[in-house]
Amino acid sequence: MKDIKIKVNDLSLYYGEKKALNEITMEIPANKVTALIGPSGCGKSTFLRCINRMNDLIPNVSIKGEMLVEGIDIYNKNVDVVNIRKKIGMVFQKSNPFPKSIYENIAYGPRINGIKDKTQLDEIVETSLRQAAIWDELKDRLDDSALGLSGGQQQRLCIGRTLAVSPDIILMDEPASALDPISTSKIEELIHQLKEQYTIIIVTHNMQQAARTSDQTAFFYMGNLIEMGKTNSIFTNPVQKQTEDYITGRFG
Amino acid sequence: MDTVVNQTENQFFSSKKNVSETKGKFFIGITQLAVILIIAILFIILGIIVYQGRTKFSWEFISSFPTNGMTEGGIFPALIGTFILVIVMSIAAVPFGTITALYLTEYAGENSKFAAAVRFSVRTLAVVPSIIFGLFGLGFFIQFIGAGADTVLNDGQLRWGQPNILWASLTMSLLTLPVIIVSVEEALKTIPREMREASLALGATKWQTIRKVILPESVSGIMTGTILAVSRGAGEVAPILFTGAAYYLATLPGSLSDQFMNLGYHIYIMSTQSSDVEKTMPIQFATTLVLLILTLSLNVVAVIIRARIRRKAK
Amino acid sequence: MNSPSQLSPKTTTFTEESLKKQFRISEFLAEKIISSVAFLSIAFIFLIFIFVFKESLPLFNSESGSKEKTEASVITANKPETYGTASEELKPESYGTEPEAELKPETYGTESVSNEELKPESYGDTPKEDLSVSPSEETTEVVSQNQEGADKTWSTFFTTEWVPVSDNPRFGLLGLLIGTLKVTIIAMLIAGPLAVLAALYTSCFASKRVKEIIKPIIEMLAAFPSVVIGFFALMVLASFFQDVFGYDSRLNAFIGGIAMALAAIPIIYTISEDALAAVPKTYTEASLALGASKWQTAFFVVLPAATPGIFAALLLGVGRVFGETMIALMATGNAALVSANPFESVRTFAATIGSEMAETVFGETHYSVLFFIGSLLFIFSFALNAVAEFYVKGKLLKKFQGK
Numbered sequence: 001m002k003d004i005k006i007k008v009n010d011l012s013l014y015y016g017e018k019k020a021l022n023e024i025t026m027e028i029p030a031n032k033v034t035a036l037i038g039p040s041g042c043g044k045s046t047f048l049r050c051i052n053r054m055n056d057l058i059p060n061v062s063i064k065g066e067m068l069v070e071g072i073d074i075y076n077k078n079v080d081v082v083n084i085r086k087k088i089g090m091v092f093q094k095s096n097p098f099p100k101s102i103y104e105n106i107a108y109g110p111r112i113n114g115i116k117d118k119t120q121l122d123e124i125v126e127t128s129l130r131q132a133a134i135w136d137e138l139k140d141r142l143d144d145s146a147l148g149l150s151g152g153q154q155q156r157l158c159i160g161r162t163l164a165v166s167p168d169i170i171l172m173d174e175p176a177s178a179l180d181p182i183s184t185s186k187i188e189e190l191i192h193q194l195k196e197q198y199t200i201i202i203v204t205h206n207m208q209q210a211a212r213t214s215d216q217t218a219f220f221y222m223g224n225l226i227e228m229g230k231t232n233s234i235f236t237n238p239v240q241k242q243t244e245d246y247i248t249g250r251f252g
Numbered sequence: 001m002d003t004v005v006n007q008t009e010n011q012f013f014s015s016k017k018n019v020s021e022t023k024g025k026f027f028i029g030i031t032q033l034a035v036i037l038i039i040a041i042l043f044i045i046l047g048i049i050v051y052q053g054r055t056k057f058s059w060e061f062i063s064s065f066p067t068n069g070m071t072e073g074g075i076f077p078a079l080i081g082t083f084i085l086v087i088v089m090s091i092a093a094v095p096f097g098t099i100t101a102l103y104l105t106e107y108a109g110e111n112s113k114f115a116a117a118v119r120f121s122v123r124t125l126a127v128v129p130s131i132i133f134g135l136f137g138l139g140f141f142i143q144f145i146g147a148g149a150d151t152v153l154n155d156g157q158l159r160w161g162q163p164n165i166l167w168a169s170l171t172m173s174l175l176t177l178p179v180i181i182v183s184v185e186e187a188l189k190t191i192p193r194e195m196r197e198a199s200l201a202l203g204a205t206k207w208q209t210i211r212k213v214i215l216p217e218s219v220s221g222i223m224t225g226t227i228l229a230v231s232r233g234a235g236e237v238a239p240i241l242f243t244g245a246a247y248y249l250a251t252l253p254g255s256l257s258d259q260f261m262n263l264g265y266h267i268y269i270m271s272t273q274s275s276d277v278e279k280t281m282p283i284q285f286a287t288t289l290v291l292l293i294l295t296l297s298l299n300v301v302a303v304i305i306r307a308r309i310r311r312k313a314k
Numbered sequence: 001m002n003s004p005s006q007l008s009p010k011t012t013t014f015t016e017e018s019l020k021k022q023f024r025i026s027e028f029l030a031e032k033i034i035s036s037v038a039f040l041s042i043a044f045i046f047l048i049f050i051f052v053f054k055e056s057l058p059l060f061n062s063e064s065g066s067k068e069k070t071e072a073s074v075i076t077a078n079k080p081e082t083y084g085t086a087s088e089e090l091k092p093e094s095y096g097t098e099p100e101a102e103l104k105p106e107t108y109g110t111e112s113v114s115n116e117e118l119k120p121e122s123y124g125d126t127p128k129e130d131l132s133v134s135p136s137e138e139t140t141e142v143v144s145q146n147q148e149g150a151d152k153t154w155s156t157f158f159t160t161e162w163v164p165v166s167d168n169p170r171f172g173l174l175g176l177l178i179g180t181l182k183v184t185i186i187a188m189l190i191a192g193p194l195a196v197l198a199a200l201y202t203s204c205f206a207s208k209r210v211k212e213i214i215k216p217i218i219e220m221l222a223a224f225p226s227v228v229i230g231f232f233a234l235m236v237l238a239s240f241f242q243d244v245f246g247y248d249s250r251l252n253a254f255i256g257g258i259a260m261a262l263a264a265i266p267i268i269y270t271i272s273e274d275a276l277a278a279v280p281k282t283y284t285e286a287s288l289a290l291g292a293s294k295w296q297t298a299f300f301v302v303l304p305a306a307t308p309g310i311f312a313a314l315l316l317g318v319g320r321v322f323g324e325t326m327i328a329l330m331a332t333g334n335a336a337l338v339s340a341n342p343f344e345s346v347r348t349f350a351a352t353i354g355s356e357m358a359e360t361v362f363g364e365t366h367y368s369v370l371f372f373i374g375s376l377l378f379i380f381s382f383a384l385n386a387v388a389e390f391y392v393k394g395k396l397l398k399k400f401q402g403k
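Note that the protein sequences, when read in sequence, are chains E, W and B. 136 is the number that full-length UniProt numbering gives to position 136 of the first sequence; each next residue is one higher, with no gaps. 102 is the number that full-length UniProt numbering gives to position 102 of the second sequence; each next residue is one higher, with no gaps. 156 is the number that full-length UniProt numbering gives to position 156 of the third sequence; each next residue is one higher, with no gaps.
Written out as structure tokens, the structure is:
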């Protein structure tokens with residue numbers, strides 16, 4: 001397995017005329033957790049959404065530069081965006097289960113991929129929920145509506161739903177920002193387990209969370225990537241003044 | 001000093017205040033009067049129709065045929081004709097309206113000229129006088145499509161090239177199309193963007209997302225639109241005047257190429273062209289009462305569902 | 001984790017092949033079908049115009065045809081026209097007063113419409129004769145030589161005589177136009193102020209609770225089918241107001257106007273209320289902060305700011321009244337009389353189409369003229385909507401966004 005999963009070269013993003021990301025260049029290692037930090041509006045979420053082309057949905061967005069995932073530029077016009085998203089899953093800031101049963105939520109991805117066999121679906125549902133560390137809580141109520149779950153459960157269900165499509169890379173956009181401390185720690189634990197098999201990129205505004213969960217940290221400011229490195233060194237010994245100011249809480 | 005209740009912001013201008021206050025009361029009173037007047041008229045209409053219609057209004061009236069040259073008996077065929085009309089109309093208009101609404105919310109780009117043209121057309125359809133739809137039904141469905149079908153299919157024998165329930169329903173479906181489009185569009189807009197993103201991020205295509213997430217979520221909106229359209233279609237008369245409504249039929253329509261009786265048309269005929277307007281007065285009021293109950297209750301149901309959708313969206 | 005291998009991503013790798021752009025037929029079809037269906041809405045507008053106008057084409061065809069053919073006989077072709085005008089110049093005074101006494105508007109048009117398709121000719125003349133006999137009898141012989149020909153049809157458009165079924169048919173649209181305008185003006189004079197004031201109360205003075213009750217109730221008026229309102233006017237209002245004012249013809253422009261006002265009120269009310277509610281809060285707050293009272297703010301700040309929207313509401317109200325058929329048929333008396341008296345019977349464009357289309361024969365002049373009137377109504381309502389939409393939207397944008 002290659003060490004570098006994603007290689008970004010001079011990626012810029014424009015909302016109409018406004019430049020929101022400024023020539024980002026970075027490398028994201030495989031099977032590691034990479035945290036993107038920075039003050040709000042710095043472009044970290046926008047960048048995350050570039051990785052599975054969710055920004056395609058927003059009108060007037062244009063992107064320049066390369067986003068190489070295992071050497072393939074996903075913005076190449078010959079690349080299929082739907083297949084990209086199957087390989088690169090995403091968990092959103094606000095948990096967004098479908099207004100269906102727990103089972104149907106998990107089975108949604110496999111079903112659209114053409115899996116109809118009931119036993120196979122059952123198996124995927126169980127595995128995904130186990131991987132999302134929520135199987136024991138939910139195994140007796142799979143037919144209940146997902147909307148009846150607590151916020152933390154919903155978010156882990158969403159993670160399970162993403163896993164059910166068996167992606168390679170999981171993008172997480174502040175997955176714990178709306179959760180209580182206990183749920184947050186469960187999610188963080190989960191991230192820790194998942195990185196054995198998946199490459200995880202997580203956006204967070206919580207620096208303790210970044211420090212706890214990630215191996216690599218990238219600091220964004222005003223659409224620029226200021227600094228990236230091992231989480232340890234970024235937090236203990238940042239090179240850039242701006243990074244230090246942000247980490248020590250002098251602005252934000 | 002008058003005993004006007006002072007508003008806090010006026011307390012500084014004690015001398016001018018009273019003139020302004022009285023004037024204000026007067027103007028607010030006028031607007032209040034307008035509201036009261038409108039609501040009063042509404043209830044007067046309702047009241048008189050209920051009062052005059054109640055004597056004749058019964059199960060028997062609803063379930064029996066008119067007799068004795070339509071001076072006695074019930075309105076059963078008119079009721080059934082109206083039902084068939086709105087059902088065929090819904091079958092045509094609901095998918096059509098839903099798909100157009102889907103285009104406007106899911107496919108149309110924000111600055112798409114085409115979408116703007118579609119929107120403008122829909123709003124125009126909503127303000128075109130209903131009699132024009134009748135003319136269109138006559139010119140397009142009957143003279144063009146119907147007569148054309150007869151030439152091709154029936155060797156020129158007259159079957160489709162004349163007014164019938166199919167053409168009347170299709171004409172009516174055009175008229176009610178905007179109602180459905182607007183309702184469905186409103187419902188689609190209340191579906192949060194996160195739902196769409198969740199589905200797309202799982203690798204679903206746009207159409208899969210629409211089919212499996214968006215459409216199931218917009219069922220209540222489609223229902224509201226359908227109910228409103230049915231309420232509208234049940235009451236409109238002008239579009240069917242010359243596209244299929246019949247004065248009197250001894251039997252219920254047996255096929256789509258038959259003419260039909262209709263509640264609204266029945267009221268019109270009975271009140272303007274009956275052989276004995278005085279004698280049939282109770283029948284007329286009772287028929288109006290039936291139509292009014294039908295349209296108003298459908299409307300109330302639609303308003304309730306719509307309010308529920310809005311509350312859910314918040 | 002018991003069986004994580006099931007979902008392990010090892011089997012899935014990023015290759016050119018697996019990510020290659022796929023052509024999904026269902027996706028492609030869905031998009032094409034959905035856009036085409038949406039396109040049909042636009043197409044319908046054109047189709048409506050084309051097919052309504054198409055049926056009135058004979059009017060234009062025969063006219064140009066006759067002109068091309070007989071260049072030499074222009075003078076003779078002109079003569080009929082002068083005949084036509086001569087006869088109508090003679091008529092109006094005597095005509096206008098003569099029939100109104102014996103014209104019983106309510107009973108007018110007592111034909112059965114059920115089988116008119118079978119025997120159109122015989123039907124056509126039964127009811128119409130009341131109207132047409134008196135003026136036409138004397139003139140038929142004079143003008144009978146040129147009763148055919150669209151030139152004459154056109155020339156009669158600008159007269160006030162509407163005598164479509166006779167040996168000497170005349171299609172004076174002016175009488176109908178005046179009738180339509182009369183009803184529209186009366187209806188708008190009632191509905192406009194009432195609806196706008198009610199909207200003002202709802203959006204500026206009513207408490208939230210009251211508003212939540214008033215609004216659905218007034219909008220419920222929109223659910224009253226026009227045939228019900230027409231029926232109510234015919235049965236209840238007509239007699240009531242005749243008792244009050246004591247005028248002669250029970251059904252008249254005034255009754256029709258009131259009834260149509262009822263149909264127009266919910267439209268004007270809803271759109272005005274939206275317009276008033278759309279006035280930015282900052283306007284109101286600024287005014288209140290300057291010490292203006294609630295009513296001053298409402299009348300001098302909110303109302304002017306919402307003018308374009310209210311204007312649009314009134315335009316759409318006019319459109320509704322102008323094209324309203326059933327109420328006109330049932331409540332206006334349906335006699336094309338020209339007078340300024342609001343208590344005289346009138347005949348509107350829409351009612352004319354509604355009552356006469358069923359008696360006409362496909363392709364004859366009368367039929368075409370009715371479709372021509374339909375085209376005029378369509379163009380008018382289209383234009384009203386376009387003005388309401390573009391003019392008002394532009395103004396609003398300018399006002400609130402300074403663009």
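Where a beta carbon is used, it is the ideal one built from N, C-alpha and C, also for glycine.
Helix, strand or coil for residue i, going by three-state DSSP, please let me know.
i	result
residue 232 (chain E)	helix
residue 117 (chain E)	coil
residue 97 (chain W)	helix
residue 20 (chain E)	strand
residue 25 (chain E)	strand
Suppose you measure from the CA of residue i to the CA of residue j; what does that come to, to the nearest Å?
i	j	result
residue 20 (chain W)	residue 207 (chain B)	21 Å
residue 52 (chain B)	residue 44 (chain E)	59 Å
residue 33 (chain B)	residue 251 (chain W)	40 Å
residue 394 (chain B)	residue 216 (chain E)	53 Å
residue 217 (chain W)	residue 191 (chain W)	7 Å
residue 90 (chain W)	residue 128 (chain W)	20 Å
residue 97 (chain E)	residue 9 (chain E)	34 Å
residue 37 (chain E)	residue 177 (chain E)	13 Å
residue 14 (chain W)	residue 25 (chain W)	For residue 14 (chain W), the predicted model reports a pLDDT of 49, less than 50, meaning its position is unreliable and no value from the coordinates is stated.
residue 156 (chain E)	residue 12 (chain E)	32 Å
residue 213 (chain E)	residue 158 (chain E)	19 Å
Around the C-beta of residue i, are 16 or more other C-beta atoms found within 10 angstroms, so that it is buried, or is it exposed?
i	result
residue 60 (chain W)	exposed
residue 390 (chain B)	exposed
residue 310 (chain W)	exposed
residue 7 (chain B)	Legend: pLDDT at residue 7 (chain B) = 48, less than 50; position of this residue unreliable, no value from coordinates given.
residue 247 (chain W)	buried
residue 86 (chain E)	buried
Could you spell out where the beta strand (DSSP E) holding residue i opens and where it closes?
i	result
residue 14 (chain E)	4 to 15
residue 252 (chain W)	Segment: none, residue 252 (chain W) is in no beta strand (DSSP E) and carries neither H nor E.
residue 67 (chain E)	61 to 69
residue 173 (chain E)	169 to 173
Looking at the unbroken alpha helix (DSSP H) that takes in residue i, where does it start and where does it end?
i	result
residue 318 (chain B)	307 to 323
residue 56 (chain E)	Counting along the chain, residue 56 (chain E) falls outside any alpha helix (DSSP H), and DSSP gives it neither H nor E.
residue 270 (chain W)	263 to 273
residue 34 (chain E)	Unbroken run through residue 34 (chain E) is the beta strand (DSSP E), 33 to 37; no alpha helix (DSSP H).
Identify each residue in the stretch 176 to 209 of chain W for which the Cβ-Cβ distance to at least one residue of chain B is less than 9 Å, and report them in chain order.
Hits within the stretch, in order: 177, 178, 181, 205, 206, 207, 208.
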